[in-house]
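According to the numbering used here, the sequence shown is numbered sequentially starting from 675.
C-beta: ideal position from N, C-alpha, C; glycine also.
Notes follow once the structure below has been shown.
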Amino acid sequence: MSKNVRVRFAPSPTGPLHIGGVRTALFNYLFAKKHNGEFVLRIEDTDQNRYVDGAENYIVEALNWCGIPFDEGPGKNEKFGPYRQSERKHLYRKYADELVSNGKAYYAFDTADQLDAHRKDHEAQGKTFIYNWHNREKGRLVNSLVLSEEETKAKLESGEDYVIRFKSPQDQTLQLKDIVRGDITIDTNVLDDKVLFKSDGMPTYHLANIVDDHLMEISHVIRGEEWLPSLALHQLLYNAFEWEAPQFAHLPLILKPTGKGKLSKRDGDKLGFPVFPLQWEDPQTQSISRGYKEDGYFPEAVVNFLAFLGWNPGTEQELFSLKELVNAFDINKVNKAGARFDPDKTKWFNHHYMQEQLDLDLANTFKANRTELSEIDTNYVALVIGLVKERATFINDFWDLSHYFFMSPEVYDEKASKKAIKEDTFEILQTVINIVTSTREFTVQNLQSKIKGWITDNGIGFGKVMMPLRLALVGALQGPDVFEIMFMIGKNETVKRIDALIKHFN
Ligand code: GLU
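Okay, structure coming up:
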């Protein structure tokens, strides 16, 4: 790569970041790190009407939680700053003016009502109104291409509202390049003359985006496919300024689990899985949207599944740490086709990353979540976790899988009781109590060899002993090895539980 790689993630703070946005950030991050480049965060907040309090903070927290922090951005390494477009407001005007004076853009004074009337007029004739070469100079529209210089000047000086529109070229064929899509040919006659600068003194997305990418020396623009229709205009703007354009890569859409249609912000609530990295409380309605973090996902799992939405290494390998992703990532292997979102797969990844966590770390989180555990030694909790985590996908699963390590069963599962308790059960369990009591060195090994030895010596059915014993300890016919459980809860508690079962049923 000839130029220094500098990429940017440029969200608009209009609400919480959807996982599609996090995927865009991740691909930018991976590409930057792969090429020893910089990952820049730029906040595109030129549309004041859509600004949402807390959204910028949310974006930063989400990136940090995923472990993909930006190198440059608001409050960090500000060598190309400021990084919020609202703070760069003073910069854009001169670029819009430059285009006007070169004849590449023009002032337009059409009011919203006038434009609306044109639109309705066209609709009535079964046509679509497009503000561009075919009508901009015809006199029905009010702009500096039709008005005389004096008239334009007078309007500007009188303080009339106006916008600056880009003068899309007529009868040109544009050859665009996209790393993901390949070559794209566009007939400029289909383009409309987009607004670059608004009467409120703010640039539109298009102008600010191009100016900033240029000033911030962005080498590659990696963004969602929904921006592909803007590519032609952006390329034309680079041409108009005579700036070298960055390379573009438009990432494929993320599709609903059915594969039909784009995954939307509302799908999470409807389909029962989070679509946001972190929980979000809407500042206006106070309604809460679930987040991966709060739902118990590990950031490693989220990063891993996001990486596979539109990319794969071309091998069978599915499990990748962030470091491994950086090494393996290849922007040329990003797919064109939409990527189907699979909520079950996200769980599969989480289950995997659960196994990789340290039991002690899991124990701390588990303890923090359950008041019942506050008095219990963390090392003990960690040992319990070591025994059950193979069956857990989320930390929230731990309590169901392990409560009997911390307290005696309060109820006995009915079906299990019917299966486990027979006429001779109480006599058998009494003998088990005797064996347990007489076991001096209370280890898994000793318990196992003594109890199993007694079973085989007396030709008792294995299930006749193990089932009621498990029921006494757990309250159900589940859990890891019975001898492990006995060892963990200790001799006294074991005896107490067997005794409690005898008393309960006898
Ligand atoms: N502000 C745009 C967004 O919200 C950025 C698009 C781009 O990356 O050019 O997604």
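- Within 10 angstroms of the beta-carbon of Glu730 lie 16 or more other beta-carbons, which makes it buried.
- With contacts defined as CB atoms closer than 7 Å, Phe1023 and Ala1066 fail to qualify as a contacting pair.
- When the five nearest sequence neighbours on each side are left out, the beta carbons in the same chain lying within less than 8 Å of the beta carbon of Thr1113 are those of Asn1120, Leu1121, Lys1124 and Lys1165, in order along the chain.
- Using a 10 angstroms sphere on the CB of Gln759, the tally of other CB atoms reaches 16 or more, which defines it as buried.
- Ser873 is positioned such that its CB atom lies closer than 7 Å to that of Asp835.
- For the set Val1062, Glu1167, Ile1129 and Met1162, the Cα lying nearest the Cα of Gln1152 is the one of Val1062.
- For Ser686, the distance from the CB to the nearest heavy atom of ligand 1 is below 6 Å.
- In chain order, Leu848, Leu850 and Ala919 place their CB closer than 7 Å to the CB of Gln909, counting only its own chain and leaving out the 5 sequence neighbours on each side.
- Not one heavy atom of ligand 1 sits closer than 6 Å to the Cβ of Asn817.
- Relative to Ala981, the option among Trp917, Ile962 and Ala699 whose CA is nearest is Ala699.
- Glu990 sits in coil when the DSSP states are folded into three classes, being neither helix nor strand.
- Assignment of Asp1051 by DSSP, reduced to helix, strand and coil, places it in the coil class.
- Separation of Leu870 and Gly813 (C-alpha to C-alpha, rounded to the nearest whole angstrom) is 21 Å.
- Scanning its chain for C-beta atoms nearer than 7 Å, with the 5 sequence neighbours on each side dropped, one finds around His894 the residues Val679, Val681, Phe705, Pro920, Gln921 and Ala923, in chain order.
- Just so you know, the alpha carbons of Lys967 and Pro685 end up roughly 20 Å apart.
- Membership of Arg793 in the alpha helix (DSSP H) is indicated by the continuous run Ala786 to Ala798.
- Placement of the Cβ of Trp901 at a distance of less than 6 Å from at least one heavy atom of ligand 1 is found.
- Secondary structure of Trp954 (DSSP, three-state): strand.
- Under the DSSP assignment, Leu773 falls in the alpha helix (DSSP H) whose first and last residues are Lys763 to Ser775.
- In this structure Asn751 is exposed. Its beta-carbon is surrounded by fewer than 16 other beta-carbon atoms within 10 angstroms.
- Between His1178 and Ala1042, the alpha-carbon positions lie close to 33 Å from each other.
- In its chain, beyond the 5 residues on either side, Ala1037, Phe1040, Lys1041 and Leu1047 have a beta carbon closer than 7 Å to the beta carbon of Val1055.
- The DSSP assignment places 1017-1030, 1033-1043, 1052-1062 and 1072-1076 as complete runs of the alpha helix (DSSP H) inside the segment 1001-1081, in order along the chain (cut-off: 4 residues).
- The C-alpha of Glu899 is placed about 27 Å away from the C-alpha of Val837.
- Runs of the alpha helix (DSSP H) lying entirely within the segment 794-848, each at least 4 residues long, are 823-831 in chain order.
- Per the C-alpha coordinates, the member of Trp954, Ile1005, Glu1167 and Tyr725 positioned closest to Met1081 is Glu1167.
- Comparing alpha-carbon positions, the option among Phe1068, Pro1017 and Ala1002 lying closest to His1026 turns out to be Phe1068.
- Measuring C-alpha to C-alpha distances from Leu905 to each of Asp866, Met890 and Pro877 identifies Asp866 as the nearest.
- Per DSSP, the beta-bridge partners of Thr859 are Gln849.
- In this structure the segment 814-830 touches the segment 772-788; the number of beta carbon pairs closer than 8 Å is three or more.
- Per DSSP, Ala975 is one residue of the alpha helix (DSSP H) stretching across Pro973 to Ala981.
- With a threshold of 6 Å, the Cβ atom of Glu797 does not count as near ligand 1, since no heavy atom of the ligand is closer than that.
- Beta-carbon to beta-carbon, Thr878 and Thr720 are separated by about 7 Å, close enough to satisfy the 8 Å threshold.
- Of the candidates Gly946, Asp1173, Phe972 and Glu824, Gly946 places its Cα closest to the Cα of Phe1015.
- DSSP, read as helix, strand or coil, puts Trp985 in strand.
- In this structure, Glu891 has its beta carbon at no less than 6 Å from each heavy atom of ligand 1.
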